[in-house]
Structures are given as structure tokens and as C-alpha cells.
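Here the structure comes first, spelled out in C-alpha cells, and everything after it is commentary.
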Amino acid sequence: MSSLFTARDVEFNSLLDSLGDSQTSRHGLILAPWGGGKTHFLLMAFHAAREKTPLNSQWEPVFLPGRAGFFSSFSCFLERVLAPLAGLPGGCGISQEEYRIVKGLFRNPAAQWEQARQLLEKFTRQSNKKILLCIDDFDYLLDFILHDPAASKLMASFFSARGCLSIIGTAVPCTLENKKFSPLLSRSFTTISLAPFKEEEALTVLEKMAALNSKERLDGQIQNNLPAIKTLFHFTRGNPRLTLAMYQALAIAPSFSPFRIFQRMLDILSPHYRFLIQNTPPKERKLLDTLLRDSQRVSPSELARRLGWEGKEVSVLLKRLINRGLLKKVRLEPKKSFYGAADPLFCSYYHMEHVKDLRGRSRGIINFLYIAHSREKYGEGNGAGGVKSGKAAVPGLFYLEPGPSFFSNSKISEAYKLLKEKKGDEAIKRIQDLLQNSGDDPEQMFSLLFLLGFAYSFKGEHQKAVDCYKKCLEKKPEDFGALNNMGCDYRFLGLMEKAEECFLRALKEKKDSPPSLANLGDACFHSGKYDEAADCFLRFEKNIQGGSLTAQLNGPMIQLIFETYFYLIKKMALKGKVEETGLFVEERLAFIRSLPANAVFPAAVQFFSGLAKPETALLCEKALESVKSAFPAGTADSLSPLTLALECLKSGKDEVLWSQNEEISDAAKLILGRETGR
Numbered sequence: 011m012s013s014l015f016t017a018r019d020v021e022f023n024s025l026l027d028s029l030g031d032s033q034t035s036r037h038g039l040i041l042a043p044w045g046g047g048k049t050h051f052l053l054m055a056f057h058a059a060r061e062k063t064p065l066n067s068q069w070e071p072v073f074l075p076g077r078a079g080f081f082s083s084f085s086c087f088l089e090r091v092l093a094p095l096a097g098l099p100g101g102c103g104i105s106q107e108e109y110r111i112v113k114g115l116f117r118n119p120a121a122q123w124e125q126a127r128q129l130l131e132k133f134t135r136q137s138n139k140k141i142l143l144c145i146d147d148f149d150y151l152l153d154f155i156l157h158d159p160a161a162s163k164l165m166a167s168f169f170s171a172r173g174c175l176s177i178i179g180t181a182v183p184c185t186l187e188n189k190k191f192s193p194l195l196s197r198s199f200t201t202i203s204l205a206p207f208k209e210e211e212a213l214t215v216l217e218k219m220a221a222l223n224s225k226e227r228l229d230g231q232i233q234n235n236l237p238a239i240k241t242l243f244h245f246t247r248g249n250p251r252l253t254l255a256m257y258q259a260l261a262i263a264p265s266f267s268p269f270r271i272f273q274r275m276l277d278i279l280s281p282h283y284r285f286l287i288q289n290t291p292p293k294e295r296k297l298l299d300t301l302l303r304d305s306q307r308v309s310p311s312e313l314a315r316r317l318g319w320e321g322k323e324v325s326v327l328l329k330r331l332i333n334r335g336l337l338k339k340v341r342l343e344p345k346k347s348f349y350g351a352a353d354p355l356f357c358s359y360y361h362m363e364h365v366k367d368l369r370g371r372s373r374g375i376i377n378f379l380y381i382a383h384s385r386e387k388y389g390e391g392n393g394a395g396g397v398k399s400g401k402a403a404v405p406g407l408f409y410l411e412p413g414p415s416f417f418s419n420s421k422i423s424e425a426y427k428l429l430k431e432k433k434g435d436e437a438i439k440r441i442q443d444l445l446q447n448s449g450d451d452p453e454q455m456f457s458l459l460f461l462l463g464f465a466y467s468f469k470g471e472h473q474k475a476v477d478c479y480k481k482c483l484e485k486k487p488e489d490f491g492a493l494n495n496m497g498c499d500y501r502f503l504g505l506m507e508k509a510e511e512c513f514l515r516a517l518k519e520k521k522d523s524p525p526s527l528a529n530l531g532d533a534c535f536h537s538g539k540y541d542e543a544a545d546c547f548l549r550f551e552k553n554i555q556g557g558s559l560t561a562q563l564n565g566p567m568i569q570l571i572f573e574t575y576f577y578l579i580k581k582m583a584l585k586g587k588v589e590e591t592g593l594f595v596e597e598r599l600a601f602i603r604s605l606p607a608n609a610v611f612p613a614a615v616q617f618f619s620g621l622a623k624p625e626t627a628l629l630c631e632k633a634l635e636s637v638k639s640a641f642p643a644g645t646a647d648s649l650s651p652l653t654l655a656l657e658c659l660k661s662g663k664d665e666v667l668w669s670q671n672e673e674i675s676d677a678a679k680l681i682l683g684r685e686t687g688r
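Its first residue numbered 11, the sequence shown is counted upward by one per residue in this note's numbering.
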């Protein structure tokens, strides 16, 4: 393979023309080590083909990320954290145009594959444009391509199509020599070499970043990663704040846990938030304090009541705060609006800087981490997907399905069957038709309303579900299932106090009911009530051991339980209660061994990596054994990635653990599915 040219501030039209007109190659190869600038180069090529004239009239670009979960998470980070800061005075200098470009490049990975398929179909029908295929981290994708017939066929079609050009980035040379993969390639690759970064330029970036960070020097981790910083600095067009933010968000320094990333983000953006608060007039500041100090979302009437002001005055001040970028309006109920912080990081900053009590400050951190992570990871907005027989396990929460008594009517059974087949719209229409013809039978009316609420929960339309459950409770005021499910929907709407009230009422009807205990623990945790959450989870643990709910526990709920237990462990350790702490950990390990392995692994590794610190070194060996015990005998020793993770955990080398498992949950499921035949 001959070197084409050195890419630096490259004119991509020259690159594309050179590759496209070549008689010996239609594929460009970027072979560079991790942190060497491959992603930056591919993203810029993609952007040039999509945005720049005349390239955008000649090329149809598609970007395929190798590490899909990583790109999905970063897209969410951009949307929720960086978007509200774009173009604000005193902000981190991200223009609307920059934000649009960056976010557009990090779209949903599944949608990228679908776009690739559609482009190829379009290309076969009309060839007025050429296709540019940018594949990043190809070594991550190779196994997927080879084992998925549809993906393999798609790649083969791309590589052999006339007028299709691909640029592939990989850090593993042997990837392209794979005997199974080589038949997919129609012609050889031409190397695109990346120019080496100048160390003095990267050091200049570090100085600017250090000044922004108000520190004399940055971590050694950052000092040792100059190429990656230089790449990001070039990608952000010389914006040091955004460079540092992206550096942390992309986990290029993998030893940083999510909490350390959070702390660094606060360091970066605190000047911006301080500027906003200091320039807020006194009366608006008082309103802001009242709203953020005690609640996540408040209605204007409630604010007027707390402050003793006129409603019109409150409305005017709220509009001003929205225009300043500090608040946003959220419509959670019909004809009723609530107001909350414009972005979760600002809310977290406010609690840490202006709330004295520790619980209130911690609530801000948890709320930010909960919202800033992928919605799919936590199940937010997914409704009641994954419905199972008996009690349904929703990601993170437990809904209760209709019982056998609901189905005395065959038509109701048919509607429920549609719901089980994931035909939510058809099920809702069928139930609504039955409601119109139900007559005056109160039992049948209750069953239909309950099932309709469950169907809306299934679809993620939580406010409609709440309305249905309210009507159920008008007929049966203390129905356990309706109270529990309505609490779940309030929880998804962010109305924690109402959710807690529903779960408490449900527990009055069925004391120590595991589903409602778990749900109440979740609501308490995300309200900052960690002691109450711990009490709920300990009661939950006591009541499900050996029960059917054990197999239905999912990763998000297990992670939440572990985080709550970790809070208790740290609390006991700080008080010097060594024996009590050890006994508590032993009891929790017994509980862990009873849980399903594919759900325990990602949660356990994250939880116990927190224990693998010098101050808790004696617990590390127990942590290692607990994770190993989650798998069938002999399985852990036969899995090299898993064994590596466990050994890193044992020695406390978090940085290796995270660099090998950026999306540890997905990786664990893949490993388990392939090696154990699950």
C-alpha cells in the first residue's frame, strides 16, 4: 500500500477526488494508534462531504461508528449538557453552528446503519451522487460484520459498488488481513497518513485549559495524552473549554470515573454559571433560589404561594429567567405547566454552591448523572417494554400486570394479547372501543381502565396512563395495582413526591410488597433521600430472596441498589465501624449471588470498582469473589476480557478496566451470550 499524502488541515475535495479517480484503489485507510486522530479525520471528511460546496452536490456521506454505545451516549451528552450553553453570554463559547455540526456527526448508531442501507438502495436506482462511507474503529465492527449476514452483505455491496468510496480508520493492522473479511474487499487500500502533532502546540492548549481550570497544572493523565488533546482542539476550532469538555466526555482519560468527569465538568463550566447567577437581578434571583433549592419542578401558582407574590409578577419573572437560559418550561399535566432548571449540570452546580445541607448537594449530583447518561440505559421513556408474565419488569421499575380476574371477558383477553405482542396502538384502540360499549358494569369498567393505563405505560405515554389510573382509583380507592403503576408513571414524569405518595399508599395495602418497595426506593434515591432508599432496598432484598422477582431484576435497578448500599458502606466506614462494615458487605454479597449474572456483572463491576480504593483495600478481595460468583463454575476463568476486568478490579487498576470496557454492560451481555450459550 502506497502513501497517498499527509492529512493536515486537509482540503477534503482533493482527497476525495484523488481516491475516487484512482485506478488502483477506491478505499482509503487510516492506520493510527489510539488517540492518533482517526476519528477527527473521519468526522471532518464526513462533514466536508455533507456541508461544503461543491462536495455536497457530489457525495452522499454516511458515518458508521465502531463503538456504537459510546457514540450514542455522547450524542445524549451533547444534547443535554452542551446544547443549552450554545451561544450564551459568558458561556463556554460554543456557537450554534458548532453545536449543530458536532451533534449531527454523533447520531444514533442504529440509524446510521439504516441510513447506509437506504443510501445503497438509492444509489442502485440513481447514480447522480457518489457514496462516501466513513467507518471509524473498524476493528470493533469487524466481528459484528462477519457474524451478521445482513451487515456482511451490506458491507460487500458497498465495497464493490461503482462510485462508492470508503475511508476506514483502525488501530489494528491485522484487521484488514482477516481471511474471512478479505473477500468483501474489491480492491486494495491506499494509506492516508496523519501528520504528527507538534508537542509545543498541544502544550499551548494545555496552558489555556489549565488557566480555565484555575489550576497550576493538570493531571498527569492529560499531560501524557497530548495527541488526543491536539486532535480535539483542532476539531473544536481552537475552543479550549469545549476541548476539555469533549476530552472528558469521550473518556480519553479512562481512569476518570463518571463522578470525576462530573467534577471536571463543573470545574470547566462554573465560571459560566457564576456569571449567569451574579448578573441575575435580586428579585429574579430570589425566585430562582426558591425554585431550585427545594424542588426539581414547580408550578407558577406554587411559587407565588411560597413567596407571597402576585401570580402575574411570578409569570413575568419566570419568562425573564427562561430568556436568560436558567429555566425551562415543562408541561407535565394537561393545561398545567411546571418550571425547572434549563440543564441538569446547572442544577447540580447550584446545589453544590448554594445549598448547605449535604443531602441537598448530593441530590444535584445524582440528578445530573441520571439525566446525562443514555435514556435507554436507565429505561426512561421506554414505557413498559419487556413485559413478562406475572409481574412485569420495566427497566429500573416494576409495573404490575392485570391479574387473571381481568380476563373473564374474552374481548379483554384479546386486547391484552395484542399488548403482549407489542401492538400497543391496536390494543389501545380495541380497549377504547370496549369502554364505549361497556355499559354500567363497574368491574368491567375498572378492568378496561386499568388495562388502558397499562397500555399507555407500555407506550411511554405516562400522563395518559396516570389519568387512567386516577379513574380506576375513583372506583377502587385503595387498589394496590393501580396505586403502584400510577406511582411508576409519576416517577417517569419526574414528579417524585407524587410517586412516593402512591408507593406508600400501595404499601399500606400490601406491606413489604417487593415491587412497590423497589419502586419507592428508586423514587427516594432520586429525591436525595438515601437513608430512606436504603431502608426500602434492604426490605426489598429480605422479601424477594428465593422469589420469582429475583430473576426479573434488571441492570439499572441492581445498579441503583448497589449505589445505595455503597452510600451506607461509606457512611459506616467514616464512623470507624470496621466490623459492622465488614458484616454488612458479607450480607450484601450473599444477596448478589442470588441475582441473574447478565444483570449483575455491569452493576457489580461499577459498584465494586468504587470499593477498590486504598481506604477500602480489605474489601477488594471480597468484591472480586462476589463478581466471579455471579457466573457458572469455570466460566469466568475461560473469558479473557472478563478475566482481565476482574484482575484489574482486584488490583485497583481502574484505568485499565474502563479503557477495556467503555460500554461494559453491552460487552458483558455479548460475552455471556456467546460463551455460555445464553
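Ideal Cβ placement from N, Cα and C applies to all residues, glycine included.
The segment 421-428 makes no contact with the segment 505-519, as fewer than three CB pairs between them are under 8 angstroms. L327: member of the alpha helix (DSSP H) spanning G321 to N333, first to last residue.
The beta carbon of L462 sits closer than 6 angstroms to the beta carbons of I441 and C478 from its chain, once the five residues preceding and following it are set aside; these are given in chain order.
For C174, DSSP records a beta bridge to I141. Taking the CA atoms as reference points, A492 sits about 31 angstroms from L301.
When the Cα atoms are used, F490 and P412 turn out to be separated by approximately 11 angstroms. In the DSSP secondary-structure assignment, V340 is bridged to F348. Bounds of the beta strand (DSSP E) holding L410 are L407 to L410. Going by C-alpha positions, D499 is about 18 angstroms away from E484. If one requires a minimum length of 4 residues, the alpha helix (DSSP H) runs lying completely within the segment 482-519 are 490-503 and 506-519, in chain order. Around K481, the same chain offers L459 as residues with beta carbons nearer than 6 angstroms, after the five sequence neighbours per side are excluded. Cβ atoms of C546 and L527 come within 8 angstroms of each other, at about 5 angstroms. Beta-bridge annotation (DSSP): G179 is paired with I40. Here the alpha carbon of T290 sits roughly 40 angstroms from the alpha carbon of Y575. By the criterion of a C-beta distance shorter than 7 angstroms, F550 is surrounded in its chain by P524, L527, A528 and G531, once the five residues flanking it on both sides are discounted. With respect to K486, F464 sits apart: the two C-beta atoms are not nearer than 9 angstroms. In summary, A160 is exposed, with fewer than 16 beta-carbon neighbours lying within 10 Å of its beta-carbon over all protein chains present. Assigned with DSSP and collapsed to three states, E471 falls in coil, not helix or strand. Rounded to the nearest angstrom, the gap between the Cα atoms of I177 and E363 is 47 angstroms. Distance from the CA atom of S203 to the CA atom of F51, rounded to whole angstroms, is 10 angstroms.
Excluding sequence positions up to five before and after S347, its CB lies within less than 8 angstroms of the CB of S309, P310, K339, V340 and R341, all in the same chain and listed in chain order. Of all C-beta pairs linking the segment 65-73 to the segment 138-146, three or more are shorter than 8 angstroms, placing the two stretches in contact.
The beta carbon of A516 sits closer than 6 angstroms to the beta carbons of F490, L493, N494 and S526 from its chain, once the five residues preceding and following it are set aside; these are given in chain order. Rounded to the nearest angstrom, the gap between the Cα atoms of L331 and G350 is 10 angstroms. In this structure V324 is in contact with L313, their Cβ atoms being roughly 5 angstroms apart against a cut-off of 8 angstroms. DSSP places E294 in the helix class (H, G or I) of the three-state scheme. In this structure, K469 lies away from D443, with their beta-carbon atoms at least 9 angstroms apart. DSSP, read as helix, strand or coil, puts E436 in helix.
Distances from the CA of Y360 to each of D299, G179, M165 and L41 were compared; the closest alpha carbon is that of D299. C-alpha of K421 to C-alpha of A437: approximately 11 angstroms in a straight line. When rounded, the separation of the alpha-carbon atoms in I40 and T63 is 25 angstroms. DSSP, reduced to helix, strand and coil, places E70 within a strand of the structure shown. A direct Cα-to-Cα measurement between K520 and F148 gives close to 53 angstroms. Remark: C-beta atoms of G38 and T201 approach each other more closely than 9 angstroms. Inclusion of L578 and A544 in the CB contact set at 9 angstroms is warranted, their separation being smaller than that value.
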